[in-house]
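Inspection log for the structure reproduced underneath, given as structure tokens.
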Amino acid sequence: MLARRRRDIPLHHQVFLVLQDEIAERRYASGEALPTEAELAALFNVSRVTIRAALDKLDELGLIERRQGIGTFVRELARPEPLTVPMMDLAARNREIVRTTRAHVVEFEFKPAPRHVREHFQARADDLFQRAVRIRTMNDWPIMQVTTYIPEAIGRQFGPDDMEGGSLYAILQRFGITFASGEQIVTAAAADPIVAARLNVAIGAPLLKVVRIHFDSAGRPIQHFELLAPPATYELRMPLKDL
Numbered sequence: 004m005l006a007r008r009r010r011d012i013p014l015h016h017q018v019f020l021v022l023q024d025e026i027a028e029r030r031y032a033s034g035e036a037l038p039t040e041a042e043l044a045a046l047f048n049v050s051r052v053t054i055r056a057a058l059d060k061l062d063e064l065g066l067i068e069r070r071q072g073i074g075t076f077v078r079e080l081a082r083p084e085p086l087t088v089p090m091m092d093l094a095a096r097n098r099e100i101v102r103t104t105r106a107h108v109v110e111f112e113f114k115p116a117p118r119h120v121r122e123h124f125q126a127r128a129d130d131l132f133q134r135a136v137r138i139r140t141m142n143d144w145p146i147m148q149v150t151t152y153i154p155e156a157i158g159r160q161f162g163p164d165d166m167e168g169g170s171l172y173a174i175l176q177r178f179g180i181t182f183a184s185g186e187q188i189v190t191a192a193a194a195d196p197i198v199a200a201r202l203n204v205a206i207g208a209p210l211l212k213v214v215r216i217h218f219d220s221a222g223r224p225i226q227h228f229e230l231l232a233p234p235a236t237y238e239l240r241m242p243l244k245d246l
């Protein structure tokens, strides 16, 4: 799972960062058991000693609970109420990104979506989605990673070659699919080893994380979109009035 390792960053810290983000994104839900130490060691291709050190850091932060003879579980944590702010003219912002950057597909597959994505589509655990990961570059420098999930029925209509260099929004429009509305969530994330290598940042570096769920005119979810970008390369601005 650790596609590229950094010799200057301890392995246990790399594992810790990945598990921390997966818990934050509810890939492991509150109260859910984590894989065993042996399973995690096989998944990350590291020793069980390394896994224990990573779990120790998660335990120190209060993110997990170790139950003797039973396993390791994600703690039930209270989640803050999100602050909802309307975003203005996202379409224009997206057009500007497409105009000034170039997309390169680094992953493309059909597979079941993780839990936090399925929830938006009310999908079953075995429903297939088109999952694509693209790196957008400006002047040959990587500035953001974009991961999209699209229902299989839509995603089978085009392939990775169609997505090279262009706009997924424009591709969907060719098939008569348009975004009528959406929801945007802006948070922060730490760069895991894979993303760090792709964006030329340090492991654990802070990233802006933008998640969008787009709906068609009938209110059906069409796309789950996740953007990760260093703060120096991407910003969000919004007008404020009537304060």
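Sequence positions in the sequence shown follow the numbering used here and run 4 to 246.
Glycine residues also receive a C-beta, built at the ideal position from the N, C-alpha and C atoms.
*Report all residues from its chain with a CB closer than 7 angstroms to the CB of Leu58; omit the five preceding and five following residues, and keep chain order.*
Ile67 and Thr75
_Where Pro83 sits in the DSSP three-state scheme_ = Confidence at Pro83 is low in this model, with a pLDDT of 48, below 50, so the placement of that residue is unreliable and no value is reported for it.
*Based on the DSSP secondary-structure assignment, which residues constitute the bridge partners of Gln23?*
In DSSP, Gln23 forms no bridge with anything.
*asked:* Helix, strand or coil for Thr53? Go by DSSP, reduced to three states.
replied: helix
_According to DSSP, simplified to helix, strand and coil, what is Val204?_
coil
*Select from Phe218, Pro224 and Glu238 the residue whose C-alpha is nearest the C-alpha of Lys212.*
Glu238
*Taking only the alpha-carbon atoms, compute the straight-line gap between Arg29 and Pro242 and give it to the nearest angstrom.*
31 angstroms
*Return helix, strand or coil for Pro117, following the three-state DSSP convention.*
coil
*Which stretch, first to last residue, makes up the alpha helix (DSSP H) that contains Gln176?*
Leu171 to Arg177
*Name the residue from Leu22, Asp165 and Ser33 whose alpha carbon lies nearest to the alpha carbon of Leu46.*
Leu22
*Measuring alpha carbon to alpha carbon, tell me which of Gln176, Pro154, Ile153 and Val136 ends up nearest Glu167.*
Val136
*Who are the near neighbours of Ser184 in its chain, counting only those whose CB is closer than 8 angstroms to its CB and skipping five residues on each side?*
His217, Phe218 and Gly222
_My output table needs one value for Pro154: the three-state DSSP class, helix, strand or coil._
strand
*In the DSSP assignment, find the alpha helix (DSSP H) that holds Pro163 and state where it starts and stops.*
Pro163 to Met166
*Within its chain, find whatever has a CB closer than 7 angstroms to the CB of Val49; leave out the 5 residues flanking it on each side and keep chain order.*
Leu14 and Val18
*With DSSP collapsed to three states, give me the class of Pro242.*
coil
*asked:* For Arg55, tell me which candidate among His227, Glu40, Ala194 and Pro117 has the shortest Cα-Cα distance.
replied: Glu40
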